Structure formats: C-alpha cells, structure tokens
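Taken in sequence, the protein lines are chains A, B, C and D.
Position one of the first sequence corresponds to residue 192 (the numbering used here), numbered consecutively onward.
Position one of the second sequence corresponds to residue 192 (the numbering used here), numbered consecutively onward.
Position one of the third sequence corresponds to residue 192 (the numbering used here), numbered consecutively onward.
Position one of the fourth sequence corresponds to residue 192 (the numbering used here), numbered consecutively onward.
Below is one structure, written out as structure tokens; the observations come after it.
Protein chains: 4
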Amino acid sequence: MEDVVIRTLDKVTLRDPILVEGLPGVGNVGKLAADYLKEQLGAKPLATIYSKFFPPQVYVGEDGIIRLVSNDLSYWKAAPSAPHDVLILGGDYQGISPEGQYEITERVLDYCHGLGVREVFTLAGFAQGRVVEEPRVLGAATARDRVESLKKAGVVFSRNDPGGGLIGASGLFLGLGRLFGMEGACLMGETSGYFVDPRSAEAVLKVLGRVLEVEIDFTALETKAKEIDRIAQKIHEAEQRTSEPSAPSGPGPREDLGYIG
Amino acid sequence: MEDVVIRTLDKVTLRDPILVEGLPGVGNVGKLAADYLKEQLGAKPLATIYSKFFPPQVYVGEDGIIRLVSNDLSYWKAAPSAPHDVLILGGDYQGISPEGQYEITERVLDYCHGLGVREVFTLAGFAQGRVVEEPRVLGAATARDRVESLKKAGVVFSRNDPGGGLIGASGLFLGLGRLFGMEGACLMGETSGYFVDPRSAEAVLKVLGRVLEVEIDFTALETKAKEIDRIAQKIHEAEQRTSEPSAPSGPGPREDLGYIG
Amino acid sequence: MEDVVIRTLDKVTLRDPILVEGLPGVGNVGKLAADYLKEQLGAKPLATIYSKFFPPQVYVGEDGIIRLVSNDLSYWKAAPSAPHDVLILGGDYQGISPEGQYEITERVLDYCHGLGVREVFTLAGFAQGRVVEEPRVLGAATARDRVESLKKAGVVFSRNDPGGGLIGASGLFLGLGRLFGMEGACLMGETSGYFVDPRSAEAVLKVLGRVLEVEIDFTALETKAKEIDRIAQKIHEAEQRTSEPSAPSGPGPREDLGYIG
Amino acid sequence: MEDVVIRTLDKVTLRDPILVEGLPGVGNVGKLAADYLKEQLGAKPLATIYSKFFPPQVYVGEDGIIRLVSNDLSYWKAAPSAPHDVLILGGDYQGISPEGQYEITERVLDYCHGLGVREVFTLAGFAQGRVVEEPRVLGAATARDRVESLKKAGVVFSRNDPGGGLIGASGLFLGLGRLFGMEGACLMGETSGYFVDPRSAEAVLKVLGRVLEVEIDFTALETKAKEIDRIAQKIHEAEQRTSEPSAPSGPGPREDLGYIG
Chain A
192 MEDVVIRTLD KVTLRDPILV EGLPGVGNVG KLAADYLKEQ LGAKPLATIY SKFFPPQVYV
252 GEDGIIRLVS NDLSYWKAAP SAPHDVLILG GDYQGISPEG QYEITERVLD YCHGLGVREV
312 FTLAGFAQGR VVEEPRVLGA ATARDRVESL KKAGVVFSRN DPGGGLIGAS GLFLGLGRLF
372 GMEGACLMGE TSGYFVDPRS AEAVLKVLGR VLEVEIDFTA LETKAKEIDR IAQKIHEAEQ
432 RTSEPSAPSG PGPREDLGYI G
Chain B
192 MEDVVIRTLD KVTLRDPILV EGLPGVGNVG KLAADYLKEQ LGAKPLATIY SKFFPPQVYV
252 GEDGIIRLVS NDLSYWKAAP SAPHDVLILG GDYQGISPEG QYEITERVLD YCHGLGVREV
312 FTLAGFAQGR VVEEPRVLGA ATARDRVESL KKAGVVFSRN DPGGGLIGAS GLFLGLGRLF
372 GMEGACLMGE TSGYFVDPRS AEAVLKVLGR VLEVEIDFTA LETKAKEIDR IAQKIHEAEQ
432 RTSEPSAPSG PGPREDLGYI G
Chain C
192 MEDVVIRTLD KVTLRDPILV EGLPGVGNVG KLAADYLKEQ LGAKPLATIY SKFFPPQVYV
252 GEDGIIRLVS NDLSYWKAAP SAPHDVLILG GDYQGISPEG QYEITERVLD YCHGLGVREV
312 FTLAGFAQGR VVEEPRVLGA ATARDRVESL KKAGVVFSRN DPGGGLIGAS GLFLGLGRLF
372 GMEGACLMGE TSGYFVDPRS AEAVLKVLGR VLEVEIDFTA LETKAKEIDR IAQKIHEAEQ
432 RTSEPSAPSG PGPREDLGYI G
Chain D
192 MEDVVIRTLD KVTLRDPILV EGLPGVGNVG KLAADYLKEQ LGAKPLATIY SKFFPPQVYV
252 GEDGIIRLVS NDLSYWKAAP SAPHDVLILG GDYQGISPEG QYEITERVLD YCHGLGVREV
312 FTLAGFAQGR VVEEPRVLGA ATARDRVESL KKAGVVFSRN DPGGGLIGAS GLFLGLGRLF
372 GMEGACLMGE TSGYFVDPRS AEAVLKVLGR VLEVEIDFTA LETKAKEIDR IAQKIHEAEQ
432 RTSEPSAPSG PGPREDLGYI G
C-alpha cells in the first residue's frame, strides 16, 4: 500500500489558507487546542489521512462502529473581511517511527501546499516538570519577522527554552515546511507534563486567535480545565495521605507523577 | 523481493464470498476458530501468503520436512441454497511490525476483493484478565445495520469494551476493508487471556455459524476444551500448593498467570 | 542504494552446482564448517555481497586495511567424474532485521539460481544446552526423498527436534529456495550452545562430504577443536574453584555458561 | 519523500577535492575536528542534507529561529599551489538506524563522487576507557600505500586496535567509498570516551593538516580543551569527596563515568 493515503472528502477552494497543526503530545496541549478550535469554528471535514506508520488499530465507538486510526484535515472559510481561511490538522496519533513522522508530515505538507498553504502554526505543550499556575506561551519560528510579530501577540521567546529543540510533528511541520517554501511558528503552552492540560491549550488558542484574527468562545474549555483541576486535586490529596508516614526520610510526595492521558 | 507474495494454488470462481479471518492472538481464539471452521467445512487450499514481515523461520514437521511460515487462504463452496461461499484466512503469524501488519492486510484484502469479497468477519479473543466460565461474544462492526443483525445473533455490543479499540489483524481487516468498500464485523470471544481457549473459540464459531447459515459439529473442539481445562486445573493445584506458606501476607495464588501458548 | 549489492568477481560456468550455506549462528557451527570447506577445497572467490541490512561496520585487518562487512560466494570446480560443482556462501553476519534476512536470502538465491543452483545445503548448530561429547547431525529437508537419502548418510531425523523450527538463514535458504524450485536440507550439528564448536562443525562436514562425494582432510579442524577444549577446560576449572564455597546451597557450577564467540 | 534530500546551495567547480567527514560520535572527536577545520579554513556552505533517517527534530536558536536537523557539506578552495580543494561533511546526527546509515552515506558519496572526490578522510574518536594524557592518532586505511604514508605523518597502526572494526559513518564512508572507487583513511584520536575531547580533536587535525598540506591555527581549540579540563577536574574532585567513605571496600572513585556531551 502507499505509505500515506489521503482521502479527499470535499472539494474546496480556500483563500490564502493557514494550516494549524495539533496532534497528541506533551499534556495533549496541541491536540486539545486544535480539536477545540475545530469545534468552535465549526470547521468541516476535508480529508482523512491513513498510514502504515500509524499503529495497526481501529477504535470502536460507543455504538459499536469501528474507525481506523487516522489524522484528519478540516477547513473553515473565514468572513470575507478576514485575511485567511484556516485548515486544521488533528488526529489520533503522530507517526510511530522517525521515518513515519517524516513521511506523513511531508505528504500532508505536499497536499496542503496544493491547497495554497504558505503559512503553518503548530500547537504543542512545553513540559516544565512542575505545576504551572498561569501558563505562558513559548514560541519558535521560521523567520525573524514572525518572531517579532508573535512577541507583540504575547508569545515568549526564551533564550534557553526549548533547549533540545522540538521533537515530533510540531517541529517537523515547520522544518519540512521550509523545504516547501512555507513560513510559520510553533506555539507551546507551558504545562506540568503530568496532566492533560486544557488551561495550557486555552493559553495557546488565545494567542492563535489574536494572530488569526478569529473570535473563540472559551467557556467549554474552561469547564474542562476545572474538571481536570478537580481530579488532580483528588490525586494530590490521596498521595499526600499515602506518603505521610515516610515523609521525613522519603523522597517526598510524588503527587505530580500521576499522568492522566 | 516483493513485500508480500501470494501464490495461487487453485483457480476458482466463488459466489459472493465472505472472508473469515482468524490469526494468532489473545487466547489464540481467532486462530483456533478459523482452523476448526476450515477443518469442519473441509475447505480447500486456495493461496499461500509469504512475507518478509513474518519471522525469518521455517517449521519442521514430524516427518522432517520444512515449511516456510505463511498465512493461507482456503475456500469452501456452499450449497446452492446458501447465500455465500466462504474464504478462510489462517496462518502461523500476524505481521511482526506495524508497517508489516498494514502491508500484509492490504495485499490480502486486495486479492480477496478481486475474488469478489465484499464482507469480512474477523475472529479474536477478548482478554478479561480473569477466568471466564461462559464466554460471551463481543462485537464491533463497520455499520449500524451489522450491529443490529449481530445483536439478534447473540453478540454483545458493550458501551465500554473494547475500550482501547482493536489492535492487529482483527481490527485492520475491518478498518482497511472499509477503504476497499467492504463491510464486516469482529467477533470477540471472552477469554481469560492466560490460556489457549477452545471454549471461547466455540462461542465465536456458534455465532458465526448462525450468521453464515453453516452447520458446524463442535465435538472435537469440546474435547480440546476439556483437555485444556484439565491442564489448567493441574497448574492451579500445583500453584496452590506452592503459594500456601506465603498465602496470608503474599499477593495470593498466581494460578491465572500461567500462559499455555 | 540497492538493498542488496552483489559484486561479481569472476565469470564462471558451473556444472549443476550445489549451494552450501554457512553463516554465523549457534556455536558458529555453520560458519566454521563453510569456511573450513572453502579452505580445504581451495574454493575461489566468485562474488561479494554487501547490504544495508548488515551492520554499518568495517573490519580492520592486522595490516591496518579496512574491509566492509559482507557475505561472499566462492566456487569449486569438481573433478569431471564428480556430479556437482560447489558454491559456498559464508560471511561476517546474517541480516540484522527480519526483513533484511528475507531480502538478502532472496537476492542471493536469485543470483545462485541464475548460476544453475537447484539444490541447497544449509549448515547450522543445534543448541542442546549441555556439553555434547559426540555430536550427532540432525536434519530437516524440503522433500521426503532427501530425508531418506540423508538418513542413509547418518543424519538423524528426530520427531521433536528442532521443535520450534529453524530461525534465520539456515531455514530461510530452504524455505525461500522452494519458491525458486530448489530442493535441499539443513544439517545441524549438536552443540552445547556455549562455545564455538569445531567438533560439531566436523560432524556436519563429514556428512556433507559423504553427500557431495568430496574428500575432506580434518586435521586442522581437529587441532582447533582441541584448542577450544583446552580453553573450555580452564574456564570450567576456574569456575569450579569460584563456586565451591557456595556449592551446597547455590545453583551449582555454572561452567557451561561461558560463551566464547 | 526521498530517503535522503540533498539541497545544493552553491555551484562550484573543485580541483581534485578531498572529502573530510566528521560527525557526532565517541568523545565527539570527529565532529569537533571537522567543525573546527571548517571554521579555521573559512569553508563555505555547499549543500544541506536532510533525511528521514535523522531524528524528526528541529533545533531552536537563541534568536527563536528553528532549523531542521541535517548534515552539511562545506567547501574550501585551496591556494593554486596546494594539491587539493577540500570538502567537509559535518552535522547534527548520524543516521539513527543501520539502514539509514547506509542510505545516507551512499547518497552523500554519490554526490561527492559527482564533484570529483576520489579520496576520503574520516575523523573519529577511539575510546580507551581511561584518561589519555597525550592522545595518539590511530589509523585504518583502504590500501597499503595509505598506511605507509600515514605512518610517516605520525599515525599509529596498531595490530589489535580497533579490534572490532569501525562502526558508523567513519567506517562506512571508507567501506562504501571503495565501491565508488575512492581510497581513504580513518584518523582516530585516542580519548577516554567519557568527555567531549578537544585535545583529541587537535591531535587528529594536526595529522590531517600535515597530510592535506593545510596550515591550522589551534589557539581556539586549545582554549576549549582547557575549559573541558577544568570541568572534568571539578567533577573529579566532587566525586572524590563523595566516594571517600566507601573507598576502602567500594569499587573506587568513579570520576571517569561522567560524560559531558
């Protein structure tokens, strides 16, 4: 079979579209943000992406219907006054091997290039290894002018973060995008790395909304954030109780190690 | 070499054939069921499938003759009154890498599509992690009408199981089958996951027999089930004895951890 | 690059040639036997095989000259009275991935088929997990007539050995060879599995010599066998001394665990 | 995508160019040496090499600008009196799978062959497992005349080192280079294997400078070497203090286990 199979579901002409990528990763920040954006904009299905570089797996819905794991592209046509239509890439998995990551990214970029995409935003989480009360949004970009304009939108460019660079789709869509003549940036919401983090996704989307000149209602995302807070708090309390007897000599409470994926 | 090599052994014309897949997996339920069906129907060899995605291995028979590991397709011509001929896919292994799983499944589906297959049943085990006295058959399907008709045949569609979806050939034959325009369902026999489970295979085949309108004699399978019961019982007893001294404080008897593959 | 590169060093016409394969494996029996046969026959270089499925490695000789790891084919022209010329496949490694094993074997078989090969002998060790004083030669073959003729040459066909079949080149050259219309057999010298075993290689070569009607002088191989015996004996003694204090309660001397590769 | 993508940045005609390879590896000796040579010669960018066999990663500079991981070729035009122009291959990574190593090396060699390269020097570290005060430069070459001429340049050809051969790019560029009709040698600076080792890189470059008839100023490299010495010394002292209580019976100070990559 072809390494990557892209099935087009709808034929559309887009006006200077911008690609927004958000796939599973640290704190699931990128995926949460992309899925929420898709939902709030009412973006429509454009194409489904299957690949032998995804796990050999189907999901089963509550209705008993199976669905092969995939990535998917949705599109949103902006008002005539707005500068850009938007393409959103979401999905179940990133490619599970390094080669797979390259192959999938390159094929999706090629497809999007054909639709007129010349600018890419990738959304991700940035693991700080500690609870982050008010997540900042860190940035990395393909060119100096993007760095400057994102700084004005509130993005933090830190000299040392991310030290080891970006690994996975959020980096590769920018790095390979350059070979297609695309510019772009990665928006990374700070997160502990231990929990799915809707609050970090919200911070990322607020910046993105400003940059894309798109209005987003955050009510539902904030509800989800509070729910996660409540679960985290319960785990914290349970572990506090468990670790008390050994607290004086032990390595201290490990409340922050529980990962709710 | 070609990634997947399919050697046709017999040229046949089949009447609206249904593909039944049963390869090694949880409790070996799928393979046991497919092999037993093949035997009981007297299905004939149609094609042998070799692949570099199987282990580099030959089996040696009791007569000293070697045989390269493979999957194989058999066919059964139904009585003129019955609606469908049947193709059965069995074999030694599933593909040993994710890419291999995709490649083999896609090639076999393509081959079967050429033979007229438009409907697929995949047979599998569903590990419950505890001894299951009377295994139910859980289902997942490609479309709502299949869900409804299988419910009538006694299949259980559970809202939460299988939670993580289906991994491997049993899922992929359905998921990729959809890309070939095939419909189908997976029949999963409940099993402990610790033993080869002919009883679960029998439960699966009973449903399949009803759906395919095929009569199956279960005597030999029941004999095999009793034999496994006896072995399991012995292991249970042996481990009871071993674990007795530490029973009050230890994690309890581990009788359910022995896996007879 | 091509997955497998075969460089022909010499153009020859061979008379009904038989391929003898002996690559690194259990007790290095196959490689020892093939290398010794090559040396004793004075076989000449025919082709070198490079592949990206070998490790990315060069060897450095004592003279400081590098050599890329490879397999190699040598040929021996038999006397006109003898029925077959002989091709010998030896080398540094088997393919290091399952796919690589298939690719390399298939390409070498294709090349050898072009040279007229219709019969293959693969040489291997069979690990018994204990010291073997007088190694038998176990067999597996592609057809009944080969089983019978090898029994007459002293080969043992055991109902239960090798139980799990043959893994690696020794099995694959026979299994894939069948797809090229080749017949053949595997000759497995019993060995402990803990040492390089020239004595087992000698047992294998004695059978092969009878079958190929080739005279082989075993003096040098017997010298090597005695040398290994001496090393094994020393390790045995050293470990006896080490394990003495704990002998009553410990797991006993582990003299057989030292592997001299 | 293509397995290996080479983007040419500059069109040049080179005079009998020699390829010098130095990629990350033991003690980072090869990379340090190649990068320093490039800097000192003022070599200019010739081509960038991307590959799906590198990690799916981008680096982020201090200015927030991303860069896809790559290898890169630079060129230096020698004075008309000197015999050879020089090509330098450096980069972030070697291929991360064995197949990847072969594919990348073969494509780069093919590209360089097109530029006229017939001679290759690969630079590497040779791990001695102990602190090396005055690193020797060990050698391995493709032909006897290279061994002789390198001995005159101070390279040590040891009968036993490197015993297991060379693994990775430094070996493969020579081994595969032979298939392109290229000759060459590997220069290995002795190093502990525990630290990045500019002193070993300097030893390697001194030999290379002699062979290529190129003047190199080592001031900056010596400054770097002293800096590493200072860090190593601090780690040594810290570990001395830590290990003192257990020194009489313990395995001794572990100062040499800290690896500063």
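C-beta: ideal position from N, C-alpha, C; glycine also.
Since the model is a prediction, treat every value here as computed from it, not as a measurement.
C-beta neighbour in chain C for residue 294/D, strict 8 Å: Position 103 of the fourth sequence, counted from the first residue, corresponds to residue 294/D. By this cut-off, residue 294/D is an interface position.
Any beta-carbon of chain C closer than 8 Å to the one on residue 256/B? By one-based count along the second sequence, residue 256/B stands at place 65. Chain C, which has a Cβ nearer than 8 Å to the Cβ of residue 256/B, makes this yes.
Distance, residue 298/A Cα to residue 159/A Cα: Absent from the model: residue 159/A. The displayed extent of chain A is 192 to 452, so no value can be given.
Does any CB atom of chain C fall closer than 8 Å to the CB of residue 448/D? Working through the fourth sequence from its first residue, we reach residue 448/D at position 257. Low confidence applies here, because residue 448/D scores a pLDDT of 31, under 50, leaving its location unreliable and the question unanswered by this model.
Please tell me whether residue 358/B has its Cβ less than 8 Å away from any Cβ of chain A. Residue numbering aside, residue 358/B sits at position 167 when the second sequence is read from its first letter. Yes, because at least one Cβ of chain A sits closer than 8 Å to the Cβ of residue 358/B.
Exposed or buried, which one is residue 200/C when buried takes at least 16 other CB atoms within 10 Å? By one-based count along the third sequence, residue 200/C stands at place 9. That one is exposed.
CB residue 279/D to CB residue 261/D, shorter than 8 Å? The residue given as residue 279/D occupies position 88 in the fourth sequence. The residue given as residue 261/D occupies position 70 in the fourth sequence. With contacts defined as CB atoms closer than 8 Å, residue 279/D and residue 261/D fail to qualify as a contacting pair.
DSSP beta-bridge partners of residue 262/B: The residue labelled residue 262/B in the question sits at position 71 within the second sequence. Residue 262/B pairs with 240/B, 282/B.
Tell me the rounded alpha-carbon separation between residue 321/C and residue 310/C. Here residue 321/C is taken as the residue at index 130 of the third sequence, counted from 1. Here residue 310/C is taken as the residue at index 119 of the third sequence, counted from 1. Answer to the nearest angstrom: the Cα atoms are 33 Å apart.
Hey, would you say residue 306/C sits closer than 8 Å to residue 371/C, going by beta carbons? Looking up residue 306/C in the third sequence gives position 115. Looking up residue 371/C in the third sequence gives position 180. No.
Answer with yes or no whether the minimum CB distance from residue 214/B to chain A is below 8 Å. As a position in the second sequence, residue 214/B is number 23, starting the count at 1. Residue 214/B does not count as touching chain A.
Could you work out which residue in 275/B, 245/B, 196/B, 263/B is closest to residue 401/B when comparing CA atoms only? Sequence index remark: in the second sequence, residue 401/B carries index 210 (1-based). When each option's Cα is compared against that of residue 401/B, the closest is 275/B.
With distance defined between alpha-carbon atoms, name the residue in 364/C, 404/C, 214/C nearest to residue 304/C. Within the third sequence, the letter at position 113 stands for residue 304/C. Per the Cα distances, 364/C.
What is the residue span of the alpha helix (DSSP H) that residue 295/B lies within? As a working note, residue 295/B is residue 104 in the second sequence. Taken as a continuous stretch (DSSP letters only), the alpha helix (DSSP H) holding residue 295/B covers 289-305.
Min CB distance residue 290/B to chain A below 8 Å: The residue labelled residue 290/B in the question sits at position 99 within the second sequence. Residue 290/B counts as touching chain A.
Show which residues of chain B have a CB atom less than 7 Å away from the CB atom of residue 250/A. One-based indexing of the first sequence puts residue 250/A at position 59. 356, listed in chain order.
Decide if residue 335/A is buried, meaning its Cβ has at least 16 other Cβ atoms within 10 Å, or exposed. As a first step, residue 335/A is located in the first sequence; it is residue number 144 there, counting from the start. With fewer than 16 Cβ atoms within 10 Å of its Cβ, residue 335/A is classed as exposed.
Anything in chain A within Cβ reach of residue 253/D, meaning under 7 Å, just list it in chain order. Residue 253/D sits at position 62 when you count from the first residue of the fourth sequence. The answer, in chain order, is 350.
Can you tell me whether residue 209/D is buried or exposed, with buried defined as 16 or more other CB within 10 angstroms of its CB? The residue you call residue 209/D lines up with position 18 of the fourth sequence. Residue 209/D should be labelled buried.
Of the residues 355/B, 369/B, 377/B, which one's Cα is nearest the Cα of residue 239/A? As a position in the first sequence, residue 239/A is number 48, starting the count at 1. When each option's Cα is compared against that of residue 239/A, the closest is 369/B.
Given residue 447/A, which residues of its chain have a CB within under 6 Å of its CB, disregarding the five upstream and five downstream residues? Walking along the first sequence from the start, residue 447/A turns up at place 256. Because residue 447/A sits at a pLDDT of 34, beneath the cut-off of 50, its placement in the model cannot be relied upon, and the following sentence gives the value as read from the coordinates. So the qualifying residues of the chain are 385.
For the beta strand (DSSP E) containing residue 143/D, list its first residue and its last residue. Since the first and last residues shown for chain D are 192 and 452, residue 143/D lies out of range.
How would you label residue 351/A, buried or exposed, when you count the other beta carbons within 10 angstroms and need 16 or more for buried? Sequence index remark: in the first sequence, residue 351/A carries index 160 (1-based). Counting Cβ neighbours within 10 Å, residue 351/A comes out exposed, since fewer than 16 surround it.
Can you tell me the Cβ-Cβ gap for residue 412/A and residue 398/A, rounded? I've got them flagged as a contact below 8 Å. The sequence position of residue 412/A within the first sequence is 221, counting from 1. The sequence position of residue 398/A within the first sequence is 207, counting from 1. Contact between residue 412/A and residue 398/A does not hold, since the beta-carbon distance rounds to 14 Å and is not under 8 Å.
Taking CB distances under 8 Å as the criterion, tell me whether residue 274/C reaches chain D. The residue given as residue 274/C occupies position 83 in the third sequence. Not an interface residue.
Contact set for residue 393/A: own chain, Cβ-Cβ below 6 Å, skip 5 residues either direction: The residue given as residue 393/A occupies position 202 in the first sequence. 409, 412.
Give the DSSP-derived three-state secondary structure of residue 335/D in the structure shown. Position 144 of the fourth sequence, counted from the start, is the residue given in the question as residue 335/D. Helix at residue 335/D.
Determine whether the Cβ of residue 371/A lies closer than 8 Å to any Cβ atom of chain B. Looking up residue 371/A in the first sequence gives position 180. No, residue 371/A lies away from the interface with chain B (no Cβ there is under 8 Å from its Cβ).
Pull up the DSSP beta-bridge partners for residue 199/C, would you. As a working mapping, residue 199/C is identified with position 8 in the third sequence. Its beta-bridge partners are 238/C.
Out of curiosity, what's the CA-to-CA distance linking residue 245/A and residue 263/A? For the purposes of this step, residue 245/A is identified with residue 54 of the first sequence, where counting begins at 1. For the purposes of this step, residue 263/A is identified with residue 72 of the first sequence, where counting begins at 1. Near 13 Å, if we compare the C-alpha coordinates of residue 263/A and residue 245/A.
Any C-beta of chain C under 8 Å from that of residue 246/D: As a first step, residue 246/D must be located in the fourth sequence, where it is residue number 55. For residue 246/D, the answer is no, since every Cβ of chain C falls outside 8 Å of its Cβ.
Roughly how many whole angstroms lie between the Cα atoms of residue 333/A and residue 330/D? Within the first sequence, numbered from 1, the residue matching residue 333/A stands at position 142. Within the fourth sequence, numbered from 1, the residue matching residue 330/D stands at position 139. Each residue's Cα considered, the two are about 42 Å apart.
Measuring only the C-alpha atoms, how far is residue 284/D from residue 423/D? Sequence index remark: in the fourth sequence, residue 284/D carries index 93 (1-based). Sequence index remark: in the fourth sequence, residue 423/D carries index 232 (1-based). Using only the alpha carbons, I get a separation of about 25 Å.
Tell me, which residues are paired with residue 250/B by DSSP? Here residue 250/B refers to the residue found at position 59 of the second sequence. Assignment of beta-bridge partners to residue 250/B by DSSP yields 258/B.
Under 7 Å between beta-carbons, which chain D residues line up against residue 287/C? List them in chain order, please. For the purposes of this step, residue 287/C is taken as the residue at position 96 of the third sequence. 289, listed in chain order.
Determine the chain A residues that contact residue 243/D at a beta-carbon separation under 9 Å, and present them in chain order. Position 52 of the fourth sequence holds residue 243/D. Result: 289, 290, 291, 292, 293, 294, 297.
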